[in-house]
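Chemist: After the structure tokens below, expect a handful of questions from me.
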Amino acid sequence: MFETIQYVVKNHTAWIILHRPEKLNAFTEQMNKEVTKALKQAKQDEAVRCLVITGSGRGFSAGEDLAGLEENTDYANILKKRYHPMLKELANLEKPVVAAVNGAAAGAGMSLALACDFRIVSEKASFIEAFIHIGLVPDCGNLYYLPRLVGHAKALELAILGEKISAQEAKELGLATKVIPEADFTEQVTEFAHRLANMPTKAIGLIKRYMQESWELSLEQLLEKEAYAQQAAGNTEDHKEGVNAFLNKQKAVFSGR
Ligand code: LHQ
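Residue numbers (the working numbering): 2 to 258.
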């Protein structure tokens, strides 16, 4: 059904595998559309309780396919038409999303990784704010996510200097949740996804939504939102299961409901 990505659901986890390995999974219009469609599918599928986005071959994604750009192209239009629907779908997804960064994440490929909730990074991987090297500015939410993740000064430095960030540096900056040896990468990503897929999915969705909203709210407004979120989480089966398991000294088995 898809040509530029692979979409596989297994053990409550949806895997979106960017699949143009000979181009380091650089984005084309078709790939934007297919990723957006896969994100929608994963959102609607109740069996899916975790998403993993990764790359095929030696790259995660090298961003926009520069070979496909024609002169005098309307870049604003490309971004609005192709990338923004994908990024909004991702931002509104109330399930945990892991970027399994297997190799270079450059330009919009780096932006995509930043837009995920976790970055599990192969020791072979790297991040690069490639935009500046072709006279462009970071896009696809990069200017939004990067300062929030690493702080304003470091984000400016990375965006302006465009130096390659190694996996280890990414860990030190707080960009990477974990750095994993290449040989163990798939196994450990699968294990991490499995862990997330067996957690209280609804509570995770609420945490994501309100932590995001907190950037725009006063403390007073946020306290209101937290109270609402707690009421919603308190009505889930997973909350009952968690309390019962605790009181009975058992391990909770969460259903995502
Ligand atoms: C590529 C690409 C690529 C095509 C590697 N395109 N072929 C959105 C819309 C509107 C306007 C513009 O902006 C955007 C957002 C953006 O994403 S702009 C930023 C676009 N990306 C870049 O500028 C990154 C360009 N790539 C690189 O800097 C390097 O390839 C990295 C650092 C990612 C990896 O370096 P290496 O490991 O040394 O690999 P390589 O450079 O040898 O690439 C391998 C092949 O992939 C090569 O093809 P070839 O036929 O020679 O084997 C590259 O040409 C191709 N490739 N990135 N973005």
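We treat Cβ as the ideally placed atom computed from N, Cα and C, and that holds for glycine.
#1: Relative to the ligand LHQ, is the shortest distance from any of its heavy atoms to the C-beta of G108 smaller than 6 angstroms?
#2: Would you mind listing the alpha helix (DSSP H) stretches within the stretch 96-142 that are 4+ residues and don't spill past its ends, in chain order?
#3: For the ligand LHQ, I want to know if Y76 counts as a neighbour, meaning its beta carbon is within less than 6 angstroms of at least one of the ligand's heavy atoms.
#4: Work out the CA separation of Q169 and E35 for me, nearest whole Å.
#5: How would you write the range of the beta strand (DSSP E) that Q189 sits in, first residue to last?
#6: Compute every distance between the C-beta of A114 and the non-hydrogen atoms of the ligand LHQ, then say whether any falls below 6 angstroms.
#7: Taking Cβ positions, are A228 and L207 nearer each other than 7 angstroms?
#8: Going by the C-beta, is K125 closer than 6 angstroms to any heavy atom of the ligand LHQ?
#9: Identify whether K179 lies in helix, strand or coil by the three-state DSSP scheme.
#10: Here's a check: name, in chain order, each residue in its chain whose Cβ is nearer than 6 angstroms to the Cβ of A43, leaving out the five neighbours to either side.
#11: To which residues of the same chain is L174 closer than 6 angstroms at the C-beta, ignoring the five residues directly before and after it?
#12: Please find out if some non-hydrogen atom of the ligand LHQ comes closer than 6 angstroms to the beta-carbon of G56.
#13: Enumerate in chain order the residues of its own chain whose CB-to-CB distance from P148 is below 6 angstroms, with the five nearest sequence positions on each side excluded.
#14: Could you tell me if the beta carbon of L223 falls within a distance shorter than 6 angstroms of some heavy atom in the ligand LHQ?
#15: Classify L91: buried if its beta carbon has 16 or more other beta carbons within 10 angstroms, exposed otherwise.
#16: Does the distance from the CB of V122 to the CB of A160 come in under 7 angstroms?
#17: Please classify N12 as buried or exposed, where buried requires at least 16 neighbouring CB atoms within 10 angstroms.
#18: Please classify K252 as buried or exposed, where buried requires at least 16 neighbouring CB atoms within 10 angstroms.
#19: Taking only runs that begin and end inside the stretch 6-82, name each unbroken beta strand (DSSP E) of 3 or more residues, in chain order.
#20: How about K1: is its Cβ closer than 6 angstroms to a heavy atom in the ligand LHQ?
#21: Using 10 angstroms around the beta-carbon of T1, count the other beta-carbons present and answer buried if the total reaches 16, otherwise exposed.
#22: Which residues does DSSP pair with S167 in a beta bridge?
#23: Using C-beta distances below 6 angstroms, list every residue in its chain close to N26, excluding the 5 sequence neighbours before and after it, in chain order.
#24: Just to confirm, is the Cβ distance from L88 to A105 under 7 angstroms?
#25: Rounded to whole angstroms, what is the Cα-Cα separation between T29 and S112?
Modeler: Concretely, from the data shown:
#1: yes
#2: 109-115
#3: yes
#4: 31 angstroms
#5: First-last for Q189: 186-198, but that is the alpha helix (DSSP H), not the beta strand (DSSP E).
#6: no
#7: no
#8: no
#9: strand
#10: A15, V49, L52
#11: V151
#12: no
#13: A156
#14: no
#15: buried
#16: no
#17: exposed
#18: exposed
#19: 6-11, 14-19, 51-56, 60-62
#20: This structure does not reach residue 1, given that the chain is present from 2 up to 258, and the question cannot be answered.
#21: Only positions 2 to 258 of the chain appear in this structure, which leaves residue 1 out of reach.
#22: S127
#23: L19, G56, G60, S62
#24: no
#25: 15 angstroms
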